[in-house]
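Numbering (my numbering), first residue to last: 18 to 350. Note that CB positions come from ideal geometry on N, CA and C, so glycine has one too.
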Amino acid sequence: MEYHSLLPYNTFGIEAEAADFREFASVEELERLIEGGTFLARPYFCIGGGSNLLFTRKRYDWTFLHSTIKTMEVTYENRNWVEVRVGGGMVWDDFVRHCVDNHWYGAENLSLIPGEVGAAAVQNIGAYGAEVCDLIDSVETMDVMGRKRIYKAVECAYAYRDSIFKRPNMKSVFILYVNFRLNKHPFFRLDYGNVRQALSQYDEVTLAHVRQVIVDIRRSKLPDPARLGNAGSFFKNPVILRSQYKELCTSFPDMPCYEVDADHVKVPAGWLIEQAGWKGKALVRAAVHDRQALVLVNRGGAEGADIVALARAVQKTVVDRFGIEIEPEVNFI
Ligand code: EPU
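Shown next as structure tokens:
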């Protein structure tokens, strides 16, 4: 049997093979795949830009499915906002650039996040005080039986890097389009990290300037997957009890945190990993990035197992040192 290389479909740059690989550029093409029995032959898996997954096997006797629906249309607009229907296969940052060029506010803090629109809605991508769920009005889907369903944002159960689409029973649901609502009036979120300070180099705060500042910050910290394989933040920032945080502060007074609610705070996993001594350290062909400890990188020729071994070692050191479990954000398949 001829296998298909999955190398172009994962930003970790890991070699893996699939028994079958199909793309659909329209709803009709997906319907034809369903009618042709494509999903009866073997297990299937829907893949986006591959920027948030880790192949843990070398060979998958599965059908991989990838949307190349890249259309974008304005479906409604008034003086205050615009609604845009975007194909799940559109590159996320192309959409952000389009929003910025059209003076639509809301997506700019999510500039340069790798991946595609459909995966963004699954993963609830977030950065610099913004999350994509704040912009989503609804998600249009088709399941493996060809049934269409539109999920309103409230039905998507959005939470920190989580949604209903990550549940195992949603594997048979494919995202066709995401409907976004963007603001036409200026509204900026600049209070995360050093965004406001970085903006002071410009005379005025505009969408284009905010985008440029975010792009520059990301480029300075996060490795370019074209040069060094990675999947962005490898771990989620753990949410812990405020009481545990206070106790830890007696031993680690510099431990940063973000407010969550009255009882919980979020601790930056990158800080925990750096303090645990892993920043810039390697284990065989995998390493902890030297400018952002939350990112694991492929030093060249790594297999999924190398990344998993490093992740486990990092998790163990963090739990031993701080008593905090850190969980992967990246999806292992
Ligand atoms: N920190 C360290 N050492 C490190 C990295 C971070 O000490 O090596 C500490 C610093 O105190 C820093 C704090 O962690 O102030 C937070 O770091 P940063 O602002 O870089 O953000 P993060 O919590 O590490 C999260 C997201 C990123 C997103 C940034 C900016 C998660 C899992 N990650 O990272 O998302 O770009 O905030 O908003 O929530 C991604 O999901 O792939 C991703 C890159």
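Taking 8 Å as the cut-off, the Cβ atoms of Tyr122 and Asn200 count as close.
Relative to the ligand EPU, the nearest heavy atom lies less than 7 Å away from the CB of Pro285.
Minimum Cα-Cα distance from Ile234 among the listed residues Glu221, Phe205, Gly210 and Gly294 corresponds to Gly210. Look at Pro185: its beta carbon is at least 7 Å from all of the heavy atoms in the ligand EPU.
Ranking Val230, Gly294 and Leu239 by CA distance to the CA of Asn126 puts Val230 first.
With fewer than 16 other CB atoms across the displayed protein chains lying within 10 angstroms of its CB, Tyr93 is exposed. The Cβ atoms of Leu258 and Val44 do not sit closer than 8 Å to each other.
Straight-line measurement puts the Cα of Ser250 at about 13 Å from the Cα of Gly132. The residues Leu300, in chain order, have a CB closer than 7 Å to that of Ala330 in the same chain once the five nearest residues on each side in sequence are set aside. Glu157 is bridged by DSSP to Ile167 and Tyr194.
Under the DSSP definition of a beta bridge, Met18 lacks any partner. Among the bridge pairs identified by DSSP, Ser180 is matched with none. Shown here for Arg96: same chain residues with a beta carbon closer than 8 Å to its own, the five before and five after excluded, namely Lys201 in chain order. In the structure shown, the three-state DSSP call for Phe41 is strand. For the pair Phe339 and Ala326, the Cα-to-Cα distance works out to about 20 Å.
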